[in-house]
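Presented below is the structure to which this report refers.
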Amino acid sequence: MRSLVISDIHSNLAALQAVLADAPSFDEVWCLGDVVGYGPDPNECTETVKELSPRCVAGNHDWAAINKLDISDFNPDAMRACLWTRERLSAANWQFLADLGECLIEQGFTIVHGSPRYPIWEYISHPYSAEQNFSYFSTPYCLVGHTHVPLMFRQQTGTQDVEVVVPSIGEPIVLTEGRWIINPGSVGQPRDGDPRASYMLLDIEACTVEYRRVPYDIEVTQRKMKECGLPYRLAMRLTFGW
Ligand code: ZN
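As C-alpha cells, then:
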C-alpha cells in the first residue's frame with residue numbers, strides 16, 4: 002500500500018493541486034495538519050483534503066482558525082491571516098477542522114502535527130527535541146510536520162542517540178532498523194530555502210519513503226493574497242521558500 006503524505010498546506014490551493022498532479026499512484030492520503038492559515042484558499046483546501054482523506058490530524062493553525070486556540074502569541078502577520086481565515090471558513094469546513102483529532106495511528110505510523118509529546122505545538126527541528134520525543138510514541142515510526150522542513154531523525158536500536166538524516170529527493174529511502182521521526186516538509190509554505198511544494202510517498206510493504214518536490218505557480222497564490230489583503234511578507238516568503 003502506498004500513502005501520499007502531505008502537511009502544512011496552509012490554504013495554498015495552487016501548491017496542493019500541483020502535488021496531486023505530480024504524485025504517482027497512491028492508495029491513501031495522510032495529512033499532518035495546518036490545512037489552513039497564511040494563504041488565500043482556506044475553503045478550497047479544506048474541501049480538497051476532506052474529499053481526499055479521512056486521515057488528517059489537527060495543526061495549530063487549524064485550531065486557531067476555528068477559535069479553539071489562543072492566538073495572542075502568534076506573530077502579527079500570522080494573527081492577521083488567522084482572523085481573515087476565521088471570517089471566511091464555511092460552516093461545514095469549520096466543522097471539519099473542529100472534528101480533527103490530535104493523533105492517529107495507521108499501520109505502524111503515529112501521525113501528529115507537531116510532536117507526539119505535544120501534538121499541536123511542539124517543533125521537532127533538532128536531534129535533542131527528537132530524542133525527547135521517542136518515548137512518547139510506541140510505533141516504529143512517527144510522522145510530524147509543523148517545522149515546514151523535510152527532515153528525518155533516527156534512533157538506533159539499543160541507544161538513546163539520535164541521528165539526523167537529510168533526505169535526498171526522488172529516490173526511495175529504506176527505513177532500516179531503529180525508530181524514526183519523519184517530516185515530509187510543507188506543501189504550501191516550505192521553509193528550507195526551496196520554494197517548491199514538498200511531499201512524501203510511503204510504501205508500507207517495501208518500508209520506504211520517497212521525498213518529492215514540485216514547482217507550482219507561486220504568482221497565482223501571491224496574486225490572490227494581494228487581492229485578499231493578506232500580509233505582503235507572507236506572500237513574499239513563498240518566492241524564497243523561507
Ligand atoms: Zn504550519
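When the letters of the sequence shown are read in order and numbered with the numbering used here, they come out as residues 2 to 243. All residues carry an ideal CB built from backbone N, CA and C; glycine is no exception.
- Task: Decide if Ile-182 is buried, meaning its Cβ has at least 16 other Cβ atoms within 10 Å, or exposed.
- Result: buried
- Spatially closest choice to Pro-196 from Val-113, Ala-236, Ala-22, by CA coordinates: Ala-236
- Look up Cys-57 in the DSSP assignment and give the residues it is bridged to. Cys-32
- Query: What's the gap between the Cα of His-149 and the Cα of Trp-31?
  - Reply: 16 Å
- Counted within 10 angstroms of its Cβ, other Cβ atoms place Glu-123 as buried (16 or more) or exposed: buried
- Query: Does at least one heavy atom of the ligand ZN sit under 7 Å from the Cβ of Gly-60?
  - Reply: yes
- Message: Could you check whether the Cβ of Asp-35 sits closer than 7 Å to any heavy atom belonging to the ligand ZN?
- Response: yes
- heavy atom of the ligand ZN below 7 Å from Asp-9 C-beta: yes
- Cut-off 8 Å between Cβ atoms - residues of its own chain near Gln-133, not counting five sequence neighbours on either side: Arg-118
- Query: By Cβ distance, which residues of its chain are closer than 7 Å to Phe-97, with the 5 residues on each side in sequence left out?
  - Reply: Thr-47, Lys-51
- Message: Assuming contact is defined by CB atoms lying nearer than 8 Å, are Pro-151 and Pro-168 in contact in what I supplied?
- Response: yes
- Task: Give the DSSP bridge partners of Asp-204, in chain order.
- Result: Arg-3, Thr-209
- Message: According to DSSP, is Ala-198 part of a helix, a strand, or is it coil?
- Response: strand
- Query: In three-state DSSP terms, what is Phe-138?
  - Reply: coil
- Is His-127 near the ligand ZN, in the sense that its beta carbon is under 7 Å from a heavy atom of that ligand? no
- In chain order, what residues of the same chain have a beta carbon less than 8 Å from the beta carbon of Ser-54, not counting five sequence neighbours either side? Glu-29, Val-30, Trp-31, Cys-32
- Residues near Met-226 by beta carbon distance below 6 Å, same chain, minus five either side: Pro-41, Ala-236
- Task: Check whether the Cβ atoms of Gly-242 and Gly-189 sit closer than 8 Å, and answer yes or no.
- Result: no
- Kindly examine the ligand COA and report whether one of its heavy atoms sits closer than 7 Å to the Cβ of Leu-202. For the ligand COA, the structure offers nothing, since it holds only the ligand ZN.
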